[in-house]
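Student: The listed protein sequences correspond, in order, to chains A and B. Take 6 as the starting number for the first sequence in the working numbering and just add one per residue. Take 6 as the starting number for the second sequence in the working numbering and just add one per residue. Each residue gets a CB set at the ideal place from its N, CA and C atoms; glycine is no exception.
Number of protein chains: 2
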Amino acid sequence: MSSDETTRVLAVASHVVSGYVGNKIAVFTLQSLGYDVAALNTVQFSYRQWTGTKATAQDITDLYNGLRQSYLDDFDMMLSGYVPGAEAVVAVGKIAKELKENNKDSPSNFFWVLDPVMGDNGKIYVAEDVVPAYKGLIEYADLILPNQFEAELLSEVKIVGMDSLKAAIETLHDKYRIPHVIITSVNFSPSGQSMSHLSVIGSSMTSNGKTRLFQITFPSIDSYFCGTGDMFGALITARMREAVQDVAGLINQASWLSDDSVTAIELPLARATEKVLASMHEVLRKTRDGMQSVAERTRATLTEEERATGKGEQQIKSKASELRLVQNLESLRSPKVQFKAQQI
Amino acid sequence: MSSDETTRVLAVASHVVSGYVGNKIAVFTLQSLGYDVAALNTVQFSYRQWTGTKATAQDITDLYNGLRQSYLDDFDMMLSGYVPGAEAVVAVGKIAKELKENNKDSPSNFFWVLDPVMGDNGKIYVAEDVVPAYKGLIEYADLILPNQFEAELLSEVKIVGMDSLKAAIETLHDKYRIPHVIITSVNFSPSGQSMSHLSVIGSSMTSNGKTRLFQITFPSIDSYFCGTGDMFGALITARMREAVQDVAGLINQASWLSDDSVTAIELPLARATEKVLASMHEVLRKTRDGMQSVAERTRATLTEEERATGKGEQQIKSKASELRLVQNLESLRSPKVQFKAQQI
């Protein structure tokens with residue numbers, strides 16, 4: 006596509022009426038950065054609890070077929086997040102495969118960012134058959150965004166430190182041919198920094214399936230947030246394309262894979278991740294700074310009984326922790342990069 | 006609410022995966038202007054055709070109840086657009102009534118903008134029982150946005166010229182106690198201008214239910230667009246609140262109704278409409294300017310058979326006419342007002 010066109014992204018994830026997770030984050034974030042987003046909502050819930058409806062595999066397929074019939078399947082990128090159940094995961098994988106197939110003569114024209122939402126901290130929180138469903142389709146992804154536990158599930162490598170992490174990523178590159186991998190959270194301290202810091206670790210594979218590992222470390226913000234993984238996914242989708250466009254000719258390479266001469270910290274994936282984390286750090290900090298006043302205002306509306314029994318406190322905390330995205334458009338659009346990628 | 010808080014809007018309308026109508030317009034537009042939007046999607050369709058699923062009245066009620074249970078029903082405003090079927094319309098009306106009831110001690114704290122989507126140009130395009138459903142609930146609305154035909158259906162006044170238009174609006178003010186009305190399109194030429202111009206006509210009622218009529222005339226753009234009514238609704242929701250906040254104390258008046266001493270062209274509703282039409286004119290012009298290249302790019306992907314038979318031309322035109330919102334964020338945020346309200 007020519008450079009004056011708007012990049013079209015198909016975003017497949019959950020929708021919540023109120024608050025910011027899934028597509029509620031992805032759509033606004035990508036639109037704010039100038040992307041044209043088609044939003045295929047896999048569920049519609051009120052909020053974080055499960056009041057609402059889910060799309061079936063057939064619903065998802067029908068919606069996609071409707072797009073195709075209107076010549077609206079001309080996507081440059083796809084971002085997929087939470088998908089309810091193995092059959093629906095397979096349906097989403099079929100869409101990605103078809104979009105790849107449509108571009109088989111120019112494979113660089115479609116790029117799939119897959120967040121394989123399965124679990125965290127050693128616990129699977131989806132149906133067990135979702136795991137093999139993802140394993141069956143990750144080979145079609147260009148960039149995957151597992152947390153440490155999801156990387157273990159996909160690679161079948163138990164991650165206990167940097168060596169096994171590297172082995173897991175190499176398995177994903179080499180066995181599944183996934184060009185780009187970012188482990189969005191690790192539960193060990195990769196380079197001995199204190200637990201007040203977090204790291205993400207990324208790699209774009211070389212032509213022979215080897216890792217090019219980089220790490221970005223940033224101070225953690227002492228609060229519980231929901232939707233940080235979804236925000237990462239939306240931002241990396243936008244920033245990866247921009248970083249690739251900054252390198253002459255790279256956008257025409259299959260899966261936007263850099264030459265073997267490019268080192269880990271020179272990778273567009275590293276550049277993109279730096280920018281993503283800059284936006285996230287600003288938004289999370291501002292969200293934390295506003296939490297108390299949101300909680301206090303909401304508490305003021307409680308009945309005396311609710312106040313006496315502490316009923317509602319959990320909901321209030323959850324409400325107060327909603328990412329403040331619309332209030333911080335500039336942090337999404339023009340963040341100040343503070344945390345730089347380091348070679349591992 | 007204090008001025009440093011983000012205004013919370015409940016937007017109830019249709020969702021399309023690709024393209025811009027209904028909530029796909031409302032959510033981005035309001036978020037771009039800094040509003041926190043809860044998006045209750047009444048349908049999920051692929052696009053303009055009807056592939057997809059509809060929410061039932063029960064689904065809508067359940068989603069709202071889910072919000073309430075999480076203390077997320079603290080809305081400052083509500084914007085409702087297309088709702089599928091009379092039962093669902095009644096369910097949406099119940100939500101608005103409940104939000105009014107919650108604020109009965111400070112009635113200015115909730116403002117409902119209702120676009121009574123029923124038909125156009127003399128033709129009803131919803132189920133017949135939707136009309137009485139709307140009639141039963143418009144008295145709870147603060148601002149309604151009918152086109153000429155919908156204003157006729159609600160007021161039962163046949164509109165053939167300015168006198169009958171005024172009579173229709175006065176009926177809506179006086180009989181249904183609707184404080185603010187904007188007729189978003191009229192199919193006669195109100196002040197003798199040529200058909201290359203369009204008008205919207207608005208009024209905020211006086212304390213005794215009389216009209217204060219203003220008109221804004223602007224050049225029409227010779228193209229077919231979809232979603233212009235939805236864009237109007239989203240923008241007027243944002244701009245009405247801003248215009249009211251510009252007048253000391255007005256935000257504390259029930260339904261934000263100006264004193265009787267305020268003339269039609271001084272109304273915040275007039276100020277808001279001027280800004281809305283400025284944004285719309287810029288976005289429509291830029292959309293029209295980009296149409297041909299979108300159509301050409303899409304045509305280039307057709308098979309020879311499709312090209313020979315002209316198959317697909319309708320879909321291509323429709324795709325090319327999608328409002329270019331994400332490409333024109335500045336036109337949403339900071340439009341240049343060109344068309345001013347005139348007293349009728």
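Pick helix, strand or coil for N46/A, following the three-state DSSP scheme.
Tutor: Here residue 46/A is taken as the residue at index 41 of the first sequence, counted from 1. Three-state result, N46/A: strand.
Student: List, from N- to C-terminal side, the alpha helix (DSSP H) runs of 4 residues or more that fit wholly inside the region 227-276 of chain B.
Tutor: Within the region 227-276 of chain B, the complete alpha helix (DSSP H) runs of at least 4 residues are 233-250.
Student: For T303/B, count the other beta carbons within 10 Å of its own beta carbon; 16 or more makes it buried, fewer makes it exposed. Which is it?
Tutor: For the purposes of this step, residue 303/B is identified with residue 298 of the second sequence, where counting begins at 1. Classification of T303/B: buried, given that the 10 Å Cβ count is 16 or more.
Student: With 8 Å as the C-beta to C-beta threshold (strictly closer), list the residues of the region 18-51 of chain A near chain C in chain order.
Tutor: The structure shown contains no chain C; its protein chains are A and B.
Student: Would you say Q297/A faces chain B, with C-beta separation under 8 Å as the test?
Tutor: Translated into the one-based positions of the first sequence, residue 297/A becomes position 292. No, no contact with chain B.
Student: Any contact between the region 85-92 of chain A and the region 74-89 of chain B? By contact I mean 3 or more CB pairs, one from each, below 8 Å.
Tutor: At 8 Å Cβ cutoff, the stretches do not touch.
Student: Of all the alpha helix (DSSP H) runs that stay within the bounds of the region 19-101 of chain A, which reach a length of 4 or more residues?
Tutor: With a minimum length of 4 residues, the continuous alpha helix (DSSP H) runs that stay inside the region 19-101 of chain A are 27-37, 62-74.
Student: So that I know if they touch, is there some Cβ in chain B lying closer than 8 Å to that of N257/A?
Tutor: The residue labelled residue 257/A in the question sits at position 252 within the first sequence. Answer no: the Cβ-Cβ gap between N257/A and chain B never drops below 8 Å.
Student: Among the residues of its own chain, which have a CB less than 6 Å from the CB of Q332/A, if the five just before and after it don't count?
Tutor: By one-based count along the first sequence, residue 332/A stands at place 327. So the list is empty, once near-sequence residues are dropped.
Student: Do you know whose CA, among P121/A, D134/A, R73/A, lies nearest N107/A's CA?
Tutor: Counting from 1 along the first sequence, the entry for residue 107/A is found at position 102. Selected option, being the one with the closest Cα: R73/A.
Student: Give me the Cα-Cα distance between N152/A and Q320/A, rounded to the nearest whole angstrom.
Tutor: The count along the first sequence starts at 1 and reaches residue 152/A at position 147. The count along the first sequence starts at 1 and reaches residue 320/A at position 315. Going by the C-alpha atoms only, they are around 26 Å apart.
Student: When burial is assigned at 16 or more other CB atoms within 10 Å of the CB, is Q220/B buried or exposed?
Tutor: For the purposes of this step, residue 220/B is taken as residue 215 along the second sequence, with counting starting at 1. Per the 10 Å Cβ criterion, buried.
Student: Determine the direct distance from the alpha carbon of V288/A to that of T189/A, and round the result to whole angstroms.
Tutor: Position 184 of the first sequence, counted from the start, is the residue given in the question as residue 189/A. Position 283 of the first sequence, counted from the start, is the residue given in the question as residue 288/A. One C-alpha to the other measures close to 17 Å.
Student: Kindly indicate which residue of R312/B, R290/B, A269/B, Q63/B has the alpha-carbon position closest to the one of Q347/B.
Tutor: Stepping through the second sequence from its first residue, residue 347/B is reached at position 342. Here the closest residue by C-alpha is A269/B.
Student: State the beta-bridge partners of R312/B as determined by DSSP.
Tutor: Residue mapping note: residue 312/B aligns to position 307 of the second sequence, counting from 1. DSSP output for R312/B lists no bridge partner at all.
Student: Please report the distance separating the alpha-carbon of K316/B from that of L307/B.
Tutor: For the purposes of this step, residue 316/B is identified with residue 311 of the second sequence, where counting begins at 1. For the purposes of this step, residue 307/B is identified with residue 302 of the second sequence, where counting begins at 1. Those two C-alpha atoms are separated by around 9 Å.
Student: Quick check: what's the CA-CA separation for L15/A versus V165/B?
Tutor: Walking along the first sequence from the start, residue 15/A turns up at place 10. Walking along the second sequence from the start, residue 165/B turns up at place 160. Looking at the two C-alpha atoms, the distance is approximately 46 Å.
Student: Look at T278/B and G207/B and say whether their C-beta atoms are less than 8 Å apart.
Tutor: Residue mapping note: residue 278/B aligns to position 273 of the second sequence, counting from 1. Residue mapping note: residue 207/B aligns to position 202 of the second sequence, counting from 1. It is a contact, given that the beta carbons lie within the stated cut-off.
Student: Any beta carbon from chain B within less than 8 Å of V267/A's own beta carbon?
Tutor: As a first step, residue 267/A must be located in the first sequence, where it is residue number 262. It does not: the Cβ of V267/A has no partner Cβ on chain B nearer than 8 Å.
Student: Can you give the Cα-Cα distance for M6/B and R312/A, rounded to whole angstroms?
Tutor: Along the second sequence, read from residue 1 onward, the residue named residue 6/B stands at position 1. Along the first sequence, read from residue 1 onward, the residue named residue 312/A stands at position 307. Confidence is the limiting factor: at M6/B the pLDDT is only 40, short of 50, which leaves the residue's position unreliable, though a coordinate-based value still follows. So the two alpha carbons sit approximately 21 Å from each other.
Student: Could you check where the beta strand (DSSP E) with L119/A kicks off and where it finishes?
Tutor: As a position in the first sequence, residue 119/A is number 114, starting the count at 1. Its beta strand (DSSP E) spans residues 116-119.
Student: Could you tell me whether the region 233-247 of chain B touches the region 116-126 of chain B, where touching means 3 or more Cβ pairs closer than 8 Å?
Tutor: Yes: at least three Cβ pairs fall under 8 Å.
Student: When the distance is taken between beta carbons, is D179/B closer than 8 Å to S260/B?
Tutor: What you label residue 260/B is simply residue 255 of the second sequence in a count that begins at 1. What you label residue 179/B is simply residue 174 of the second sequence in a count that begins at 1. For S260/B and D179/B, no; Cβs fall outside 8 Å.
Student: May I ask you to report which of helix, strand or coil DSSP gives D125/A?
Tutor: The residue you call residue 125/A lines up with position 120 of the first sequence. It is a strand residue.
Student: Any idea what DSSP makes of T222/A, helix, strand or coil?
Tutor: Numbered from its first residue, the first sequence carries residue 222/A at position 217. In this structure, T222/A counts as strand in the three-state DSSP scheme.
Student: Taking contact to mean at least 3 C-beta pairs separated by less than 8 Å, is the region 29-36 of chain B in contact with the region 31-43 of chain A?
Tutor: The region 29-36 of chain B is in contact with the region 31-43 of chain A.
Student: Does the beta carbon of D67/B come closer than 8 Å to any beta carbon on chain A?
Tutor: Stepping through the second sequence from its first residue, residue 67/B is reached at position 62. Chain A, which has a Cβ nearer than 8 Å to the Cβ of D67/B, makes this yes.
Student: Out of curiosity, what's the CA-to-CA distance linking G127/B and F154/B?
Tutor: Here residue 127/B refers to the residue found at position 122 of the second sequence. Here residue 154/B refers to the residue found at position 149 of the second sequence. So the two alpha carbons sit approximately 6 Å from each other.
Student: Whole-angstrom Cβ separation of R182/B and E144/B, contact assumed at under 8 Å?
Tutor: Against the second sequence, residue 182/B aligns to sequence position 177. Against the second sequence, residue 144/B aligns to sequence position 139. Contact holds; Cβ gap of about 6 Å.
Student: Using the Cβ count rule (16 or more neighbours within 10 Å means buried), how would you classify Q343/B?
Tutor: Residue mapping note: residue 343/B aligns to position 338 of the second sequence, counting from 1. Looking at its Cβ environment, which holds fewer than 16 other Cβ atoms inside 10 Å, Q343/B is exposed.
Student: Please determine, among T211/A, T216/A, M123/A, K140/A, the residue with the shortest C-alpha to C-alpha distance to M167/A.
Tutor: In the first sequence, counting from the first residue as 1, residue 167/A sits at position 162. When each option's Cα is compared against that of M167/A, the closest is T216/A.
Student: Whole angstroms is fine: what's the gap from K345/B's alpha carbon to T222/B's?
Tutor: Residue numbering aside, residue 345/B sits at position 340 when the second sequence is read from its first letter. Residue numbering aside, residue 222/B sits at position 217 when the second sequence is read from its first letter. Cα to Cα, the separation comes out at about 8 Å.
Student: Look at P224/B and V252/B and say whether their C-beta atoms are less than 8 Å apart.
Tutor: Taking the first residue of the second sequence as 1, we reach residue 224/B at position 219. Taking the first residue of the second sequence as 1, we reach residue 252/B at position 247. No, these two residues do not count as a Cβ contact at 8 Å.
Student: Residues in the region 312-330 of chain B with C-beta within 9 Å of chain A's C-beta atoms, listed in sequence order?
Tutor: So the close ones are G317, Q320, I321, S323, K324, E327, R329, L330.
Student: List the endpoints of the continuous beta strand (DSSP E) containing V186/A.
Tutor: Along the first sequence, one-based indexing puts residue 186/A at 181. Looking at the DSSP string, the run of the beta strand (DSSP E) that includes V186/A is 185-188.
Student: Which residues share a DSSP beta bridge with H286/A?
Tutor: One-based indexing of the first sequence puts residue 286/A at position 281. DSSP lists no partner for H286/A.
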